[in-house]
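The sequence shown begins at 233 in our numbering and counts up by one.
Structure, as structure tokens:
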Amino acid sequence: MAVGFGQVDAAAPQVVREFADRLRSVAQAAGYVGVRELAAGTGVGRTTVSDALTAKRVPTWSTLAALLRGCDITPDRDWAKACEAAREAMERGKRAAKGASRPGDEPDDQAPAAPSPIGPGTFSIRAPYGELPPRLRGRDELLNQLESKLAAGESRVQVLYGLGGCGKTTVALHLARHARDRGYSVFWLSASTPDRMITGMKEVVRELGAEEEAIEAAWSGRISATDLVWRELDASERPWLVVVDNADEPGWLAPEGGSPGDGTGWLRSSPAGMTVVTSRLSNPDVWGRESETHRVGVLSPEDGRDVLLDLAGQSGDPAEALVLSERLDGLPLALKLAGSYLARSARGAGLLRRNGRSLSRVRTFAAYTEALGEAGASFLDQGEEWRLDESDMERTYRRLVSRTWEISLDLLDEQQLPEARSLMRLLSCCAPAPLPVELLDPALWNTTSDSDPALDRADRALEALIDLSLIDVVDIAPGGALKDQEPLPCLVSHRLVLEANALRLAGGSPQERIAVWNAIARIIEKGAEPTPEQPRNWPWWRLVAPHVVATLTAAPDNDEVLLPLLRSGLAAYAFHTFSNRFDSAAEIARLLEERGALLASNHPLRLSIRHRAALSLLEGQEQLSEFEQVLSEQLTVLGPEHPETLITRHDIAMYMKEDSAQQEAELRAVLDARRRTLGPADCYTLLTHGALASVVEARGHGDDEFKAEYRALIEHTRSTTPEDHRFLPLHSRHQMAHALDSTERWAEAESEYRSVLDDLEEYGELGSNLYRDLTKCLAKNLQKQQKYTEAVEVIDKLLPWFDSRDLEHSPASPWALHIRHLRGDILAKCDRSVEAEAEIRAVLEERLKTSDPNDSVILSERHCLAHVLEGMNKCTEAQYELRDVAHTYAKILGSNDKHTRGSRFCLARSLHIHGHPEEALDLYEQVLAAEVAELGSNHSDTLVTRFRRDQCRYDMGVLKSADALATLESTKAKQAEIAGDDHPRVSAINRVISAIKDGEFDKQKPASIDQD
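Pasting the structure below:
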């Protein structure tokens, strides 16, 4: 054996010497030449390593596992048995040495001596009640359920499972105290190592009164120890509660050749008491049919806030505690560590470790949140007071965020599933958001240089991680047009689990880091393949985009890793832009610009990134200048008809507004090129087509030409079915709908609006800016078609979105007030006047809270309220509102302003209809004079006022029938020439003319004729 490891103690029991020799052989084979090197390579103290290798002391299981992993050996069940045998031999040797009658007796060859400990025994099976928090938050429902089962004499084993650090032990400890206070015997056992479990059971059976002879027979293997324990528990006259804590390796609870839940091992049901197990393993098949499982999850943000306030209430207000709770995602272990750190900091701890920072930096919830953002999850571990006793290191590790989940991965290593650790390292590169399972093709996530992991092994590793609650599976339903498809299974892991694994990855070897990042780059690039511009792919992209951003942010500066992630980042940018998430697109542009800076200035990817950055982050001449520089290099590097070159050409063309002829020519050239290279139905082709149609319209080519462009665009989008809108980007489609609206093609515009809104709903965009804008446009479109009930239904579908969760969702936000006002206006038109008045008054009340009474928005609201009151025959109230509004407008804006004219005209109509023609005529004359001055004598609005004035004059007897008919016919002819014979304004004049001719026009009751 190597001299550097020291001499094996010849006085140690033979089993212990053999165990030490076996460890020395393993260390030698791994290339270690001495204690110092082995200690440095495994992170175990030198004294502990020396004692283990010289047989002076048998290491604990956690220490042994660390030594083995440092030597590239998987700690498995055989090693656990060898360790346990060595420890038992060492204990027997100590007892024999104490009680031997003469020197030189060999303890291994004699019957076991009676226990005679060298010092006082400290092993306890009492529950550690002192570790209970001041108050247990967020577990009332689970505790009530467990306490009820305990009181009812539940015999089945109760298994509390969940992610490491989620508070399973705390729940069990609270139940233990509840049982103790009600007279139960409580036995607390640790199953973190086999020897602790076996020793604990031995203490249980001894406390229950079993004969020492029977105990020795059972523990020496002459009779069944498990049967003895449960025979004594079943016979107990006093009810009991047994807690088996940290049973993360259930095999240690199973009998030889059996399973943990088969009822023949250390774990059984009993009518005499209840057994509770805490474990990270969730698989109900492991625990058997005589058990019942309960998931212990993370806490809500509010409960997490209260935990922090319980532990460190002096560190800030509840709002700051809530922010920290949300950052920690409600993980009880993390909350405890953060609260404990702040409490200790308040007492003066950590003064010498501040690293030059201000003392107040980590004494408040807000400062802790900031420090956590800078230092990462490892900062949490400073909340745990480290124990100096290495033998208790496994217990300490469970209390550290940076180590607790490594224990779970160590278990899977022992089960020959190293792929589980690889998968967690991969996921740690991603965002704490659902990741589609289908991306995890084992062929893509190979992180070793040997071979791809076999599918069955990868699947077993994933299943094991799910069983240990390190990963959850959630089904994301696509919804909308894709609602008939199967839900998409996705993997989700706690934010801190991912951060802790990311820290482990960062601390690993360079080869391991690059292998993992190469794998994740392949996975992300595969996920970015679906066309991001297509709305039907947006549900997928909503899942993938956060992971693109997370990986691109954290990736190392390695071309093999960075290039595929940059390409994926460009695709994510397109998704956010086409789905109108412009703020998010700008953030991605900044990220692309930062990470792409390593590329050569003329690299095709760098040119594309420069274009996107200019598009989102620059404006005006600065943006145009950057576009032109990018285009100059693209023409050289990519050619004039490369898709990326055409994107830049399109954007430059949009700047040519001052020379509309040149703009139209360039757009036509880009359109022709895109049709050749991308096809006529490609979204970028149709985007240019839509832009060209708008330019043609603006240049005044005539209705036929620009309508022909839009009709051609519509035909392309509907080439399959009338409802096939999937090719055209949404912003082009809604512009097309606006164009149809502006040409009074109401039905076609309605169809387009509804199509876009349907898509937005299907892809989860209800409530987005575009959705809200198009809802308003559709409501107004339906109003113009006099489909008032449908218009109200469209608005009512949107209103629940304003649920007060934040300022944007407030019912009193500017946009909400606008759409609520429109709703009130339309309600008045479909004979729901009472609702209309209530809605408009409510909107007016909200507006008055933030606006001056003379503000144009307030005056407009009052004007609309007057119309509602008019429809309810509250003419006095209506006229009061209109007088005050008209007076205020005239005072502020002058008599000729359109707002003054409009309010005076409406007041004149009300006065005329309700029997005050003299005052009405005076107002008509004022409005007519102002309109002639501002609009001209033959403007459509001027003609409407002239028509109403002459109608009023006839009503007063100022005009005789013949004169009235002559002037009305003249006005009608001019209005028909402007608006067409079928226009409502022409129809109104015709109705009055017909009534005069037929002698039905009652001068005393003008309200009976044409009140619209």
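Note that CB positions come from ideal geometry on N, CA and C, so glycine has one too.
All values derive from a computational prediction rather than experimental measurement.
| Query | Result |
| --- | --- |
| Exposed unless 16 or more other CB atoms sit within 10 angstroms - verdict on residue 879 | buried |
| Collapsed DSSP secondary structure at residue 260 in the structure displayed | helix |
| Through-space distance from residue 388 to residue 501, alpha-carbon basis | 5 Å |
| Length-filtered (4 minimum) alpha helix (DSSP H) runs lying within the region 436-478 | 444-451 and 457-466 |
| Cβ neighbour criterion (16 or more within 10 Å) applied to residue 455 | exposed |
| Where the beta strand (DSSP E) containing residue 525 begins and where it ends | 523-527 |
| Beta-carbon spacing of residue 649, residue 696 below 9 Å | yes |
| Buried/exposed call for residue 1229, threshold 16 Cβ in 10 Å | exposed |
| Which residues DSSP lists as bridging residue 556, in chain order | According to DSSP, which records beta bridges pairwise, residue 556 is partnered with nothing at all. |
| Cβ contact check for the region 1111-1120 and the region 1088-1102: 3 or more pairs under 8 Å | yes |
| Enclosing alpha helix (DSSP H) for residue 875 [first to last residue] | 875-885 |
| Distance CB(residue 1024)-CB(residue 1052) smaller than 9 Å | no |
| Burial state of residue 1192, where buried means 16 or more other Cβ atoms lie within 10 Å | exposed |
| Residue ranges of each alpha helix (DSSP H) within the region 760-818, 4 or longer | 770-786 and 791-810 |
| Beta-carbon gap between residue 1127 and residue 1162 smaller than 9 Å | yes |
| Cβ shell of residue 305 (< 7 Å), same chain only, five flanking positions each side left out | 258 |
| Rounded separation between residue 589 and residue 565 - CA only | Caution is warranted here: a pLDDT of 43 is assigned to residue 589, below 50, making its placement in the model unreliable, and the coordinate value is therefore given only provisionally. Taking the straight line joining both Cα atoms gives about 26 Å. |
| Proximity of residue 428 and residue 422 at Cβ, strictly below 9 Å | yes |
| Which residues DSSP lists as bridging residue 708, in chain order | 720 |
| Under the three-state DSSP convention, the category residue 725 falls into | coil |
| For residue 800 and residue 756, the rounded distance between their alpha carbons | 7 Å |
| Nonlocal neighbours in the same chain, by C-beta distance under 8 Å from residue 722, ignoring five residues either side | 666, 667, 668, 669, 705, 706, 707, 708 and 775 |
| Beta-carbon spacing of residue 497, residue 517 below 9 Å | no |
| Host beta strand (DSSP E) of residue 510 (start-end) | 505-511 |
| Distance between beta carbons of residue 297 and residue 538, contact taken as under 8 Å | Not really, about 37 Å apart at Cβ, beyond 8 Å. |
| Short Cβ contact (9 Å threshold) for residue 1107 with residue 1146 | yes |
| Cβ contact check for the region 529-538 and the region 550-566: 3 or more pairs under 8 Å | yes |
| Alpha-carbon spacing of residue 274 relative to residue 284, whole angstroms | 13 Å |
| Pair within 9 Å by beta-carbon distance, residue 1006 and residue 969 | yes |
| Residue environment, residue 919, which counts as buried when at least 16 other CB atoms sit within 10 Å | buried |
| Reduced DSSP secondary structure (H/G/I, E/B, other) of residue 531 | coil |
| Nearest-angstrom beta carbon gap, residue 512 and residue 700 [assumed within contact, 8 Å] | 4 Å |
| Alpha-carbon spacing of residue 1196 relative to residue 921, whole angstroms | 52 Å |
| Nearest-angstrom Cα separation, counted from residue 272 out to residue 320 | 29 Å |
| Element boundaries [beta strand (DSSP E), containing residue 422] | 417-422 |
| Secondary structure of residue 482, DSSP reduced to three states | helix |
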